[in-house]
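Its first residue numbered 3, the sequence shown is counted upward by one per residue in my numbering.
Below you'll find the structure, written out as structure tokens, and then a few comments.
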Amino acid sequence: QTGYYDSGDYEFEISVSDGKLTSKIKAEVEINDMNQPPVFDVINCNKGILEDTEYICEIIASDFEDNVFSFSVVNENNLHCSFENNVLKYKSYQDYYGEASCLIKINDNYGYNELLFNVTIENVNDAPVISSYVPVDNPRILNNTNQRFILNALDIDSQLDIQWFIDN
Numbered sequence: 003q004t005g006y007y008d009s010g011d012y013e014f015e016i017s018v019s020d021g022k023l024t025s026k027i028k029a030e031v032e033i034n035d036m037n038q039p040p041v042f043d044v045i046n047c048n049k050g051i052l053e054d055t056e057y058i059c060e061i062i063a064s065d066f067e068d069n070v071f072s073f074s075v076v077n078e079n080n081l082h083c084s085f086e087n088n089v090l091k092y093k094s095y096q097d098y099y100g101e102a103s104c105l106i107k108i109n110d111n112y113g114y115n116e117l118l119f120n121v122t123i124e125n126v127n128d129a130p131v132i133s134s135y136v137p138v139d140n141p142r143i144l145n146n147t148n149q150r151f152i153l154n155a156l157d158i159d160s161q162l163d164i165q166w167f168i169d170n
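As structure tokens, then:
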């Protein structure tokens with residue numbers, strides 16, 4: 003009989019004797035913990051990702067007692083994470099690049115384990131966005147008069163160089 007903390011691999015010797023002769027053999031036994039939570043296998047997900055791009059990865063786990071277990075996301079840090087069965091979907095927060103992570107959890111009726119999934123997100127150059135301009139409609143300008151044009155634009159990745167062209 004094993005105790006609660008006796009898990010591991012053991013080797014022992016069995017001997018049989020009839021009082022005159024003895025036979026011996028070596029035997030190995032693996033003792034698994036009972037009612038233990040499932041454990042994550044090696045995670046082989048892409049950890050160098052591009053900003054605003056979704057990735058998927060199959061997460062493999064084991065449960066020695068073959069209990070049913072499930073995956074969930076506990077916490078997000080600049081990384082959207084979700085599960086469909088054992089497939090992890092992950093994507094950076096919009097326009098975020100740098101270090102990011104999510105805490106994923108695997109649990110059964112006997113407990114849980116957590117794993118911090120870390121990624122490095124690379125910047126992707128986004129196009130500039132024109133947020134407003136004046137005049138809004140096509141202006142009519144009289145000869146020998148001035149018309150002021152105003153343009154408000156934003157580029158999350160870099161400085162803007164605004165140029166005005168008439169007839170190319």
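Using N, Cα and C, we set each Cβ at its ideal position, and we do this for glycine too.
Residue environment analysis places residue 134 among the exposed positions, since fewer than 16 neighbouring C-beta atoms fall within 10 angstroms of its C-beta.
Around the beta-carbon of residue 73, 16 or more other beta-carbon atoms lie within 10 Å, marking it buried. Put simply, the backbone Cα of residue 37 is about 23 Å away from that of residue 118.
Close CB contacts of residue 4 within its chain, under the 6 Å cut and outside five residues either way in sequence, are with 33 (chain order). Note that the region 109-124 touches the region 47-67; at least 3 beta-carbon pairs, one per stretch, sit closer than 8 Å. By DSSP's assignment, residue 93 forms a beta bridge with 82. Residue 24 has 19 as its beta-bridge partners, per DSSP. One Cα belongs to residue 169, the other to residue 160, and the distance between them is close to 28 Å.
Going by C-alpha positions, residue 75 is about 36 Å away from residue 31. Distances from the CA of residue 95 to each of 103, 88, 44 were compared; the closest alpha carbon is that of 103.
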